[in-house]
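Residue numbers (full-length UniProt numbering): 1 to 307.
Note sheet for the following structure.
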Amino acid sequence: MDRSIHLFPGQGDFSVTALAACLARDDVLRRAAAEVFAAVDEGAAGREVPVLSSWLLGDAPPSGRELARAATGTPQLALYGASLSAHTALTIRFGAPSAVLGVSFGEIAALTAAGVWSVADGAAVACDLAHILATCPGGLTLLACDESTAVALIAAEDTAGTAVACVNDDTETVVSGPLSELLRVEERARRTGTAATRLRLPFSSHHPALGAQAEQFARVVRERLGAPPRRPVYSAVAGRAYEPRDDLGARLADCLVRPARLPAVLHRLTDDGFTTFREAGTGSALSRSARRILPADRATVPAPPAG
Numbered sequence: 001m002d003r004s005i006h007l008f009p010g011q012g013d014f015s016v017t018a019l020a021a022c023l024a025r026d027d028v029l030r031r032a033a034a035e036v037f038a039a040v041d042e043g044a045a046g047r048e049v050p051v052l053s054s055w056l057l058g059d060a061p062p063s064g065r066e067l068a069r070a071a072t073g074t075p076q077l078a079l080y081g082a083s084l085s086a087h088t089a090l091t092i093r094f095g096a097p098s099a100v101l102g103v104s105f106g107e108i109a110a111l112t113a114a115g116v117w118s119v120a121d122g123a124a125v126a127c128d129l130a131h132i133l134a135t136c137p138g139g140l141t142l143l144a145c146d147e148s149t150a151v152a153l154i155a156a157e158d159t160a161g162t163a164v165a166c167v168n169d170d171t172e173t174v175v176s177g178p179l180s181e182l183l184r185v186e187e188r189a190r191r192t193g194t195a196a197t198r199l200r201l202p203f204s205s206h207h208p209a210l211g212a213q214a215e216q217f218a219r220v221v222r223e224r225l226g227a228p229p230r231r232p233v234y235s236a237v238a239g240r241a242y243e244p245r246d247d248l249g250a251r252l253a254d255c256l257v258r259p260a261r262l263p264a265v266l267h268r269l270t271d272d273g274f275t276t277f278r279e280a281g282t283g284s285a286l287s288r289s290a291r292r293i294l295p296a297d298r299a300t301v302p303a304p305p306a307g
């Protein structure tokens with residue numbers, strides 16, 4: 001029996017251009033987005049962010065730069081809404097997934113899709129996290145290498161404050177740390193023939209020094225917790241499905257201080273019997289990594305809307 005799962009991406013692969021292109025050619029996605037972003041606007045009311053249902057979905061959507069320059073929380077709400085719109089469109093076309101997987105920031109949308117929050121309440125959580133992230137100094141760099149190579153690149157004494165943040169597959173690892181250290185890591189990587197790309201995110205994450213921010217976010221989540229999930233919710237940080245005994249505040253806060261490892265959780269999912277992996281977003285990074293990681297005879301990874 002086919003068991004499908006929706007994959008909710010983090011912040012490193014969100015493109016306003018891709019969202020606009022998908023909306024222009026997909027009536028189902030466009031109708032889903034209109035409903036989702038109306039609820040996002042409700043959840044963000046009073047927070048000084050733009051009305052995204054008209055800005056993002058209108059005739060003249062913002063550029064990525066304009067979105068990044070908008071009020072704190074705007075890019076995060078755009079990604080959150082885009083992910084839930086894609087999830088809704090996929091559900092209309094193929095039926096509800098058996099489970100969901102959240103990767104980093106994508107855990108908020110994944111939990112919302114599982115019924116823990118309404119779309120509006122999840123938007124409020126996403127906006128709260130955005131304000132916390134704004135206090136996280138440093139940045140994130142994507143290295144074109146596996147985790148062991150990334151660990152070697154950051155092992156020097158002058159980059160001791162840099163940590164592995166996300167392992168996408170055996171060709172991509174993200175590291176997190178102070179900006180001055182990331183420059184050294186990037187220079188060292190290029191000298192050894194490893195491509196290094198600074199992510200366009202003005203904060204660090206998945207870093208052990210962010211304990212205070214993690215505690216703050218845990219309190220936010222606990223104050224807003226709603227219903228138990230209606231379907232299993234897997235986490236790339238926890239490496240497993242959440243269980244009833246889990247403190248979801250603490251587990252979501254782990255995304256600020258612990259690494260996300262996609263290969264481990266994807267292999268766990270195939271071991272748990274999942275066979276079809278659909279990306280709930282308008283990017284393609286998760287689908288691309290899933291194809292690299294999972295054997296073709298055990299998993300089907302359809303092309304995402306962005307192709």
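Cβ atoms here follow ideal geometry from the backbone N, Cα and C, with glycine treated the same way.
Treat the numbers as computed from the prediction; the structure is a model and nothing was measured.
Nonlocal neighbours in the same chain, by C-beta distance under 6 Å from residue i, ignoring five residues either side
| i | result |
| --- | --- |
| F14 | L79 |
| R292 | D169 |
| P178 | G138 and G161 |
| T159 | E181, R184 and V185 |
| L153 | V185, R188 and A189 |
| S287 | E279, V301 and P304 |
| A195 | A144 |
| G122 | I108 and T112 |
| S289 | N168, D169 and L262 |
Residue(s) in a DSSP beta bridge with residue i
| i | result |
| --- | --- |
| Y234 | L101 and A241 |
| G43 | Beta-bridge pairing links G43 to no other residue. |
| V175 | T141 and V164 |
| H6 | V100 and R278 |
| T197 | L142 |
| A260 | C166 |
Nonlocal neighbours in the same chain, by C-beta distance under 8 Å from residue i, ignoring five residues either side
| i | result |
| --- | --- |
| R240 | Y234, V265 and R268 |
| E215 | A253 |
| L294 | L266, H267, T270, F277 and V301 |
Contact under 8 Å by Cβ, residue i with residue j
| i | j | result |
| --- | --- | --- |
| L262 | V103 | yes |
| S176 | S148 | no |
| V40 | G81 | yes |
| residue 330 | L256 | Absent from the model: residue 330. The displayed extent of the chain is 1 to 307, so no value can be given. |
| A110 | F37 | no |
| A32 | A68 | no |
| L3 | T300 | Correcting the residue type first, residue 3 is Arg in the shown sequence and not Leu. The answer is no: Cβ separation not under 8 Å. |
| L57 | L23 | yes |
| R65 | T141 | no |
| P259 | G115 | no |
| T72 | A134 | yes |
| V119 | V220 | no |
Neighbour flag for residue i against chain D, beta carbons, 8 Å
| i | result |
| --- | --- |
| H87 | Going by chain labels, chain D is absent from the structure shown, which holds only one protein chain. |
Contacting residues, own chain, Cβ-Cβ under 7 Å from residue i (five flanking each side not counted)
| i | result |
| --- | --- |
| A250 | A218 |
| G208 | As written in the sequence, residue 208 is Pro, which differs from the Gly given in the question. These residues qualify, in order along the chain: A163 and V257. |
| A150 | L143, V164, T173 and V175 |
| G211 | V257 |
Run through the region 274-300 for me and flag every whole beta strand (DSSP E) of 3 or more residues, listed as ranges in chain order.
276-279
Would you list, in sequence order, the uninterrupted alpha helix (DSSP H) runs of no fewer than 4 residues that lie entirely inside the region 89-171?
106-113, 119-133 and 147-153
Which residue spans inside the region 20-79 form an unbroken alpha helix (DSSP H) run of at least 4?
27-43, 52-55 and 64-69
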